[in-house]
Amino acid sequence: MPTPRDRARAQTMTDILEIGRRHLAAEGAAALSLRAVARDLGVVSSAVYRYVRSRDELLTMLLIDGYTALGDEVEAALAAEPGDPVDALRVLGRTLRGWALAEPARYGLLFGTPVPGYHAPAEQTVQSGTRLIVAMMRLLGAAHAAGALTEPDAVPAASTALRADFAAIRAEFGLPLPDWLIARGTALYAGLIGAVSADVFDMYGERTFADRAELFEFQLDGLLGIVGAHPDRRAAPVRAGR
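For the sequence shown, position 92 (counting from the first letter as 1) is numbered 92 according to full-length UniProt numbering, and the numbering increases by one without interruption.
Here it is in C-alpha coordinates:
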(Lines of atoms letter the chains of each structure in order from A and count residues from 1; the text may use other names and numbers.)
(Lines give C-alpha, C1' and ligand atoms only; values in the text may rest on other atoms or scores of the structure.)
Protein backbone atom coordinates (compact mmCIF):
# COMPACT_ATOMS: atom_id res chain seq x y z
CA MET A 1 0.00 0.00 0.00
CA PRO A 2 1.46 3.42 -0.96
CA THR A 3 2.68 5.50 1.95
CA PRO A 4 1.90 9.24 2.23
CA ARG A 5 5.44 9.91 1.05
CA ASP A 6 4.92 7.69 -1.99
CA ARG A 7 1.67 9.48 -2.82
CA ALA A 8 3.32 12.86 -2.45
CA ARG A 9 6.16 11.86 -4.75
CA ALA A 10 3.71 10.49 -7.34
CA GLN A 11 1.75 13.74 -7.23
CA THR A 12 4.91 15.78 -7.69
CA MET A 13 5.88 13.68 -10.72
CA THR A 14 2.38 14.23 -12.14
CA ASP A 15 2.75 17.98 -11.59
CA ILE A 16 6.18 18.02 -13.25
CA LEU A 17 4.79 16.20 -16.29
CA GLU A 18 1.86 18.59 -16.57
CA ILE A 19 4.16 21.62 -16.31
CA GLY A 20 6.43 20.03 -18.90
CA ARG A 21 3.49 19.67 -21.29
CA ARG A 22 2.60 23.32 -20.85
CA HIS A 23 6.17 24.43 -21.53
CA LEU A 24 6.35 22.11 -24.53
CA ALA A 25 3.24 23.74 -26.00
CA ALA A 26 4.36 27.28 -25.21
CA GLU A 27 8.06 27.17 -25.99
CA GLY A 28 8.88 23.96 -27.86
CA ALA A 29 10.94 20.94 -26.93
CA ALA A 30 14.34 22.54 -27.56
CA ALA A 31 13.62 25.27 -25.01
CA LEU A 32 12.56 22.98 -22.15
CA SER A 33 14.30 23.91 -18.90
CA LEU A 34 14.22 22.18 -15.53
CA ARG A 35 14.88 25.53 -13.90
CA ALA A 36 11.68 26.90 -15.46
CA VAL A 37 9.78 23.76 -14.42
CA ALA A 38 11.04 24.19 -10.84
CA ARG A 39 9.87 27.81 -10.86
CA ASP A 40 6.36 26.84 -11.91
CA LEU A 41 6.38 23.98 -9.42
CA GLY A 42 7.19 26.46 -6.69
CA VAL A 43 10.47 24.90 -5.55
CA VAL A 44 14.12 25.87 -5.80
CA SER A 45 15.84 24.54 -8.91
CA SER A 46 17.98 22.08 -6.95
CA ALA A 47 14.85 20.42 -5.47
CA VAL A 48 13.43 19.36 -8.84
CA TYR A 49 16.53 17.25 -9.51
CA ARG A 50 15.36 14.84 -6.81
CA TYR A 51 12.57 13.89 -9.20
CA VAL A 52 13.99 14.49 -12.68
CA ARG A 53 17.73 14.33 -13.15
CA SER A 54 18.07 16.27 -16.39
CA ARG A 55 16.28 17.97 -19.25
CA ASP A 56 16.80 14.78 -21.28
CA GLU A 57 15.01 12.73 -18.65
CA LEU A 58 12.11 15.18 -18.79
CA LEU A 59 12.02 14.87 -22.58
CA THR A 60 11.94 11.08 -22.24
CA MET A 61 9.06 11.35 -19.78
CA LEU A 62 7.18 13.59 -22.22
CA LEU A 63 7.88 11.24 -25.12
CA ILE A 64 6.51 8.24 -23.24
CA ASP A 65 3.55 10.31 -22.08
CA GLY A 66 2.77 11.39 -25.65
CA TYR A 67 3.15 7.93 -27.16
CA THR A 68 0.96 6.50 -24.40
CA ALA A 69 -1.75 9.10 -24.92
CA LEU A 70 -1.76 8.51 -28.68
CA GLY A 71 -1.73 4.73 -28.26
CA ASP A 72 -4.62 4.86 -25.79
CA GLU A 73 -6.62 7.07 -28.16
CA VAL A 74 -6.05 4.76 -31.13
CA GLU A 75 -6.82 1.60 -29.17
CA ALA A 76 -10.03 3.10 -27.79
CA ALA A 77 -11.15 4.12 -31.29
CA LEU A 78 -10.37 0.69 -32.70
CA ALA A 79 -12.22 -1.02 -29.85
CA ALA A 80 -15.35 0.82 -30.98
CA GLU A 81 -14.83 -0.23 -34.62
CA PRO A 82 -17.25 -3.00 -35.74
CA GLY A 83 -14.50 -5.23 -37.05
CA ASP A 84 -13.73 -4.73 -40.75
CA PRO A 85 -9.94 -4.34 -40.82
CA VAL A 86 -9.87 -1.99 -43.82
CA ASP A 87 -12.40 0.29 -42.16
CA ALA A 88 -10.35 0.02 -38.97
CA LEU A 89 -7.26 1.23 -40.84
CA ARG A 90 -9.26 4.31 -41.79
CA VAL A 91 -10.25 4.78 -38.15
CA LEU A 92 -6.59 4.51 -37.14
CA GLY A 93 -5.62 7.22 -39.62
CA ARG A 94 -8.44 9.53 -38.62
CA THR A 95 -7.66 9.06 -34.94
CA LEU A 96 -3.99 9.83 -35.49
CA ARG A 97 -4.92 13.03 -37.31
CA GLY A 98 -7.50 14.06 -34.73
CA TRP A 99 -5.09 13.58 -31.84
CA ALA A 100 -2.31 15.41 -33.68
CA LEU A 101 -4.52 18.43 -34.41
CA ALA A 102 -5.65 18.53 -30.79
CA GLU A 103 -2.10 18.06 -29.44
CA PRO A 104 0.24 19.67 -32.01
CA ALA A 105 3.12 20.23 -29.58
CA ARG A 106 3.05 16.65 -28.32
CA TYR A 107 2.71 15.34 -31.87
CA GLY A 108 5.67 17.50 -32.89
CA LEU A 109 7.78 15.97 -30.11
CA LEU A 110 6.91 12.46 -31.31
CA PHE A 111 7.11 12.94 -35.08
CA GLY A 112 8.60 16.38 -35.76
CA THR A 113 12.13 17.75 -35.90
CA PRO A 114 14.49 15.94 -33.48
CA VAL A 115 15.57 17.92 -30.44
CA PRO A 116 19.24 18.91 -30.88
CA GLY A 117 21.52 16.88 -28.61
CA TYR A 118 18.78 14.55 -27.40
CA HIS A 119 18.71 10.82 -28.13
CA ALA A 120 15.69 8.89 -26.89
CA PRO A 121 16.68 5.81 -24.86
CA ALA A 122 15.25 2.87 -26.82
CA GLU A 123 14.93 0.68 -23.75
CA GLN A 124 12.45 3.18 -22.29
CA THR A 125 10.60 4.42 -25.37
CA VAL A 126 10.26 1.52 -27.83
CA GLN A 127 7.29 -0.18 -26.15
CA SER A 128 5.11 2.93 -26.06
CA GLY A 129 6.59 4.35 -29.26
CA THR A 130 5.63 1.36 -31.42
CA ARG A 131 2.00 1.04 -30.32
CA LEU A 132 0.69 2.85 -33.40
CA ILE A 133 2.65 0.78 -35.89
CA VAL A 134 1.88 -2.45 -34.01
CA ALA A 135 -1.83 -1.66 -34.25
CA MET A 136 -1.46 -0.90 -37.95
CA MET A 137 0.47 -4.11 -38.67
CA ARG A 138 -2.11 -6.21 -36.86
CA LEU A 139 -4.87 -4.65 -38.93
CA LEU A 140 -2.90 -5.32 -42.11
CA GLY A 141 -2.53 -8.94 -41.01
CA ALA A 142 -6.27 -9.21 -40.37
CA ALA A 143 -7.10 -7.57 -43.72
CA HIS A 144 -4.72 -9.91 -45.54
CA ALA A 145 -6.14 -12.98 -43.80
CA ALA A 146 -9.67 -11.87 -44.73
CA GLY A 147 -8.73 -11.55 -48.40
CA ALA A 148 -9.35 -7.81 -48.34
CA LEU A 149 -5.96 -6.91 -49.87
CA THR A 150 -4.75 -7.67 -53.39
CA GLU A 151 -1.10 -8.35 -54.11
CA PRO A 152 0.31 -5.94 -56.72
CA ASP A 153 0.95 -7.33 -60.20
CA ALA A 154 4.68 -6.55 -60.12
CA VAL A 155 6.66 -6.88 -56.91
CA PRO A 156 10.36 -5.96 -57.07
CA ALA A 157 12.76 -8.68 -55.96
CA ALA A 158 14.17 -7.97 -52.49
CA SER A 159 17.79 -8.51 -51.58
CA THR A 160 18.85 -11.19 -49.11
CA ALA A 161 19.44 -8.55 -46.45
CA LEU A 162 16.00 -6.98 -46.93
CA ARG A 163 14.29 -10.39 -46.88
CA ALA A 164 16.03 -11.05 -43.58
CA ASP A 165 14.66 -7.75 -42.26
CA PHE A 166 11.16 -8.74 -43.36
CA ALA A 167 11.56 -12.11 -41.63
CA ALA A 168 12.61 -10.39 -38.41
CA ILE A 169 9.52 -8.16 -38.55
CA ARG A 170 7.29 -11.19 -39.13
CA ALA A 171 8.79 -12.86 -36.09
CA GLU A 172 8.48 -9.72 -33.96
CA PHE A 173 4.81 -9.16 -34.74
CA GLY A 174 3.90 -12.84 -34.97
CA LEU A 175 2.02 -12.20 -38.20
CA PRO A 176 2.38 -14.22 -41.43
CA LEU A 177 2.62 -11.14 -43.64
CA PRO A 178 4.20 -11.55 -47.08
CA ASP A 179 7.26 -9.46 -47.90
CA TRP A 180 5.36 -7.18 -50.28
CA LEU A 181 2.82 -6.28 -47.60
CA ILE A 182 5.48 -5.51 -45.00
CA ALA A 183 7.21 -3.23 -47.50
CA ARG A 184 3.98 -1.49 -48.44
CA GLY A 185 2.97 -1.32 -44.80
CA THR A 186 6.02 0.86 -44.17
CA ALA A 187 4.83 3.10 -47.02
CA LEU A 188 1.36 3.29 -45.45
CA TYR A 189 2.86 4.26 -42.08
CA ALA A 190 5.20 6.84 -43.59
CA GLY A 191 2.36 8.21 -45.71
CA LEU A 192 0.07 8.61 -42.71
CA ILE A 193 2.74 10.43 -40.72
CA GLY A 194 3.58 12.59 -43.75
CA ALA A 195 -0.05 13.53 -44.46
CA VAL A 196 -0.77 14.34 -40.81
CA SER A 197 2.47 16.29 -40.42
CA ALA A 198 1.74 18.37 -43.51
CA ASP A 199 -1.58 19.33 -41.93
CA VAL A 200 -0.38 19.89 -38.35
CA PHE A 201 2.67 21.90 -39.40
CA ASP A 202 0.68 23.81 -42.05
CA MET A 203 2.90 22.81 -44.95
CA TYR A 204 0.12 23.44 -47.47
CA GLY A 205 -0.35 27.11 -46.76
CA GLU A 206 -3.39 28.65 -45.13
CA ARG A 207 -5.53 29.05 -48.26
CA THR A 208 -4.57 26.02 -50.32
CA PHE A 209 -7.34 23.64 -49.23
CA ALA A 210 -10.75 24.72 -47.95
CA ASP A 211 -11.42 21.39 -46.22
CA ARG A 212 -8.35 19.49 -45.07
CA ALA A 213 -10.47 16.75 -43.52
CA GLU A 214 -11.88 15.95 -46.95
CA LEU A 215 -8.37 16.06 -48.41
CA PHE A 216 -7.23 13.59 -45.76
CA GLU A 217 -9.98 11.17 -46.81
CA PHE A 218 -8.61 11.23 -50.36
CA GLN A 219 -5.13 10.68 -48.97
CA LEU A 220 -6.37 7.74 -46.90
CA ASP A 221 -7.97 6.28 -50.02
CA GLY A 222 -4.67 6.45 -51.89
CA LEU A 223 -2.65 5.06 -48.99
CA LEU A 224 -5.01 2.11 -48.58
CA GLY A 225 -4.62 1.48 -52.30
CA ILE A 226 -0.87 1.11 -51.73
CA VAL A 227 -1.47 -1.90 -49.48
CA GLY A 228 -3.96 -3.39 -51.94
CA ALA A 229 -7.31 -2.43 -50.40
CA HIS A 230 -10.08 -3.24 -52.85
CA PRO A 231 -11.66 -0.03 -54.21
CA ASP A 232 -15.20 -1.34 -53.60
CA ARG A 233 -14.39 -1.85 -49.90
CA ARG A 234 -13.34 1.70 -49.23
CA ALA A 235 -15.67 3.59 -46.97
CA ALA A 236 -17.49 6.77 -47.89
CA PRO A 237 -15.62 9.88 -46.73
CA VAL A 238 -16.20 10.97 -43.15
CA ARG A 239 -15.45 14.50 -42.05
CA ALA A 240 -12.67 14.20 -39.49
CA GLY A 241 -11.96 17.75 -38.38
CA ARG A 242 -10.45 20.92 -39.72
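Built from N, CA and C at the ideal position, the CB exists for glycine as well.
These figures come from a predicted structure and were not determined experimentally.
| query | result |
| --- | --- |
| Cutting at 6 Å between CB atoms, please list the residues of its own chain near Gly71, excluding the five before and the five after it. | Arg131 |
| Can you name the residues that DSSP bridges to Leu149? | Ala229 |
| Out of Leu177, Asp165, Leu181 and Arg163, point me to the one whose CA is closest to Asp153's CA. | Leu181 |
| Exposed or buried, Gln219, counting other C-beta atoms within 10 Å across all chains shown (16 or more means buried)? | buried |
| Measuring CA to CA, which of Glu123, Gly112 and Ala135 is closest to Ala88? | Ala135 |
| For Phe209, which three-state DSSP category applies? | coil |
| Can you name, in chain order, every residue of its own chain whose Cβ lies under 8 Å from the Cβ of Ala158, other than the five neighbours on each side? | Phe166, Asp179 and Ala183 |
| To the nearest angstrom, report how far apart Ala168 and Ala195 are at their CA atoms. | 28 Å |
| I'd like the span of the alpha helix (DSSP H) that includes Leu188, first residue to last. | Asp179 to Val200 |
| Counting C-beta neighbours from all protein chains within 10 Å, is the total for Met13 16 or more, i.e. buried, or is it exposed? | exposed |
| What number of angstroms, rounded off, separates the C-alpha of Gly98 from the C-alpha of Met61? | 22 Å |
| Which residues in the same chain as Leu109 place their Cβ atom closer than 7 Å to its Cβ, once the five residues preceding and following it in sequence are excluded? | Leu24, Ala29, Leu62, Leu63 and Gly66 |
| Using C-beta distances below 8 Å, list every residue in its chain close to Val37, excluding the 5 sequence neighbours before and after it, in chain order. | Ile16, Ile19, Gly20, His23, Val48, Val52 and Leu58 |
| Let me make sure I understand the geometry here. Which of Ser197, Asp84, Tyr189 and Gly93 has the alpha-carbon closest to that of Thr113? | Ser197 |
| Just to confirm, are Ala187 and Ile133 a CB contact at a threshold of 9 Å? | no |
| CA-CA distance, Ala26 and Leu149? | 43 Å |
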